[in-house]
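Protein chains: 4
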Amino acid sequence: MILLDLNAGDERPIYEQIADRVKFAVAGGALRPGDLVPPVRDLAKQLVVNPNTVARAYRNLQGEGLLEPVRGIGLEVAEGAVERCRSARGEMVRRWLRRGVEEARQSKMDPAEVEAIFREEMARPVTEGNGEVRRG
Amino acid sequence: MILLDLNAGDERPIYEQIADRVKFAVAGGALRPGDLVPPVRDLAKQLVVNPNTVARAYRNLQGEGLLEPVRGIGLEVAEGAVERCRSARGEMVRRWLRRGVEEARQSKMDPAEVEAIFREEMARPVTEGNGEVRRG
Amino acid sequence: MILLDLNAGDERPIYEQIADRVKFAVAGGALRPGDLVPPVRDLAKQLVVNPNTVARAYRNLQGEGLLEPVRGIGLEVAEGAVERCRSARGEMVRRWLRRGVEEARQSKMDPAEVEAIFREEMARPVTEGNGEVRRG
Amino acid sequence: MILLDLNAGDERPIYEQIADRVKFAVAGGALRPGDLVPPVRDLAKQLVVNPNTVARAYRNLQGEGLLEPVRGIGLEVAEGAVERCRSARGEMVRRWLRRGVEEARQSKMDPAEVEAIFREEMARPVTEGNGEVRRG
DNA sequence: GTGGTCTAGACCACG
DNA sequence: GTGGTCTAGACCACC
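Chains as they are written, first to last, in our numbering: chain A, 1 to 136; chain B, 1001 to 1136; chain C, 2001 to 2136; chain D, 3001 to 3136.
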């Protein structure tokens, strides 16, 4: 099983996507406090991405206090990371939904129609592999 | 009343925001087929934005067939624009909602929680003036 | 006059030194809120450093809310930056002094001796060009 | 009483911190010429650190002539070590203070303010156990 | 013109 | 082995 993969259809910077994957992994329990995240070089190879890009993602996560360096060993998930990742996840989801709702509202779309779209999406079957081919 | 204004907190390209405003205005009925959109310079001044940026937005809208030039007069909203804008709007809303739902699903968030967030956002009061003072 | 220069004798990462110089420039009034910092490429050339390194410094400063992007124009010093840079400066000075005092205390050095050293350093004449040759 | 302990908040290399502790112990009289320093393994265990790291610290201290090997016995504090440690200590303290003073000067900080900070730090109560629980 | 992203690869310090 | 820094240079989007 692959811990981290990228959404090919995501136009956001790669380093940001990687950071989000880590947050999600922590929020979902796949990574627990004290666990070491994959080494920069390994993850870079796995994602077919430059090590610098992974390093940047990890650096940002350190800046948010979600990862902590263990000198000479690697980076481990910080103590209080789970709660913060959970709330970060919630915020992220809220951000997307809010944007959709806002767009609809501003263009005076019928709320019932928005609701319908939401239901459809919630009921949509899981997209295998995120519905897109891996980059490599 | 102000036809077009910009969301200050929006990190998307300005020209794209402008184009969306126009689409929304058409979808919502504020602009009807045959109406002239504001002159580039006027709108640029109103939004405190580089005229090139407005021009680019209009150019893209022409490329989508939503605006049509009237020689010596300006740009008018095209005939079939309303339907196309409505569907474009729907697609846009769906795209945002889908992304939120997807993120939640991938990180194993409880669907009930997603639902709750959606409800909150739907019930959220309209942001007055987009929550920020005009730039000018 | 040169706005920013580097201490050659500083073993800290270059990007951090650059960020500190900017903070100092703001704290000292050389840069004021609303001013644009030098373009990445220009400053990189001036300091004989890779543009990425300058960019990283600027990026961190943005993260601290001290710089704000003006799209297509550059980076400007943020509104409340002066106070925060002043306090950042104070913290930095305190950090160095504390370390010296701590070292002395832990090794049971006579406080009078520490005091004497401090006086000498305070009275030391200004080192021209930071006492070191420019890197280039 | 514990001869050597590490400051948890110190970002300097551990081997350097260890070497400094030894120097301080010598400068302060806790270790006298002819005394044996703790065996590498013991100290490593005590500090919860890789033995290589302690070995490196000792190696550097040997290189500086502050420790001398006694075949089959261990490492002892060298003859002239006290004076050298004292002066090393002084240099170190001066270096930190100078840096603080320099930073302040370069950013045009009011000397009185620098003085005040120095006083505060001199008056600061001793940090018990270095302000952090032992790692082990 | 501006900043931002990404790649490629080298080098270093630490354990 | 680990992460961190830095360089060099390409490419992009935006204004």
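We put the beta carbon where it would ideally sit given N, CA and C, even for glycine. Quick caveat, the model's predicted, so the values are computed rather than measured.
| task | Would you give the residue range spanned by the alpha helix (DSSP H) that Glu2115(C) belongs to? | result | 2111-2123
| request: Taking only the alpha-carbon atoms, compute the straight-line gap between Glu1011(B) and Arg12(A) and give it to the nearest angstrom. | output: 12 Å
| Shortest alpha-carbon distance to Arg1094(B) belongs to which of Ser87(A), Ala78(A), Glu79(A), Pro111(A)? | Pro111(A)
| request: Measuring alpha carbon to alpha carbon, tell me which of Asp1020(B), Leu1043(B), Leu1066(B) ends up nearest Gly1034(B). | output: Leu1066(B)
| Is it buried or exposed for Leu1043(B), if we count other Cβ within 10 angstroms and need 16 for buried? | buried
| Alpha-carbon to alpha-carbon, Gln62(A) and Pro144(A) | Absent from the structure is residue 144(A), since the part of chain A shown begins at 1 and ends at 136.
| query | Who are the near neighbours of Asn50(A) in its chain, counting only those whose CB is closer than 8 Å to its CB and skipping five residues on each side? | reply | Ala44
| request: Please confirm if Gln1106(B) has its CB atom under 9 Å from at least one CB of chain A. | output: yes
| task | Inspect the CB distances between the stretch 3098-3109 of chain D and the stretch 3023-3032 of chain D and report whether three or more fall short of 8 Å. | result | no
| query | What does Pro3111(D) touch in chain C if you count any residue whose Cβ is under 8 Å from its own? | reply | Met2122
| Under the rule that 16 or more other beta-carbon atoms within 10 Å means buried, what is Ile3018(D), buried or exposed? | buried
| said: Quick check on this structure: which residue in Leu3075(D), Thr3053(D), Val3037(D) has the alpha carbon closest to the alpha carbon of Arg71(A)? | reply: Thr3053(D)
| task | Run the CB neighbour count on Ala1123(B), radius 10 Å, all protein chains shown included, and call it buried at 16 or more, exposed below. | result | exposed
| field | Where Pro3051(D) falls: helix, strand or coil (DSSP) | value | helix
| When the Cα atoms are used, what is the spatial distance from Gln106(A) to Ala1088(B)? | 14 Å
| Distance between beta carbons of Phe1118(B) and Phe118(A), contact taken as under 8 Å | 6 Å
| Can you tell which of Tyr3015(D), Arg3084(D), Glu3115(D), Glu3121(D) has its C-alpha closest to the C-alpha of Val3048(D)? | Tyr3015(D)
| said: Starting from Gly1100(B), trace the alpha helix (DSSP H) in both directions and tell me its first and last residue. | reply: 1081-1106
| query | In terms of residue numbering, what span does the beta strand (DSSP E) encompassing Val70(A) cover? | reply | 67-70
| said: Going by C-alpha to C-alpha distance, which of Val126(A), Arg86(A), Lys108(A) sits closest to Glu1113(B)? | reply: Arg86(A)
| query | Quick one, are the C-beta atoms of Tyr2058(C) and Val2022(C) less than 9 Å apart? | reply | yes
| field | Residue range of the unbroken beta strand (DSSP E) whose run includes Gly28(A) | value | Per DSSP, Gly28(A) belongs to no beta strand (DSSP E); it is in the alpha helix (DSSP H), 14-28.
| Taking Cβ-Cβ distances below 9 Å as the criterion, which residues of the stretch 2074-2108 of chain C are in contact with chain D? | Cys2085, Arg2086, Arg2089, Gly2090, Met2092, Val2093, Arg2094, Arg2095, Trp2096, Leu2097, Arg2098, Arg2099, Gly2100, Val2101, Glu2102, Glu2103, Ala2104, Arg2105, Gln2106, Ser2107, Lys2108
| request: Could you please give the first and the last residue of the uninterrupted beta strand (DSSP E) stretch that includes Val3126(D)? | output: Note, Val3126(D): premise wrong, no beta strand (DSSP E); not H, not E.
| task | Check distances from the C-beta atoms of the stretch 3030-3044 of chain D to those of chain C and list, in chain order, the residues that come in under 7 Å. | result | none
| request: Below 6 Å CB to CB, which residues in the same chain sit around Leu36(A) once its five sequence neighbours on both sides are set aside? | output: Gly74, Glu76
| request: Could you check the C-alpha separation between Ala2116(C) and Gly2080(C) for me, to the nearest Å? | output: 38 Å
| said: On the criterion of 16 or more Cβ atoms from any shown chain inside 10 Å, does Pro38(A) qualify as buried, or is it exposed? | reply: buried
| query | Rounded to a whole number of angstroms, what is the C-alpha to C-alpha distance between Ala55(A) and Ala3078(D)? | reply | 44 Å
| Hey, would you say Gly2028(C) sits closer than 9 Å to Lys3108(D), going by beta carbons? | yes
| said: Counting only Cβ pairs nearer than 8 Å, list the residues of chain B close to Ile117(A). | reply: Gly1090, Val1093, Arg1094, Leu1097
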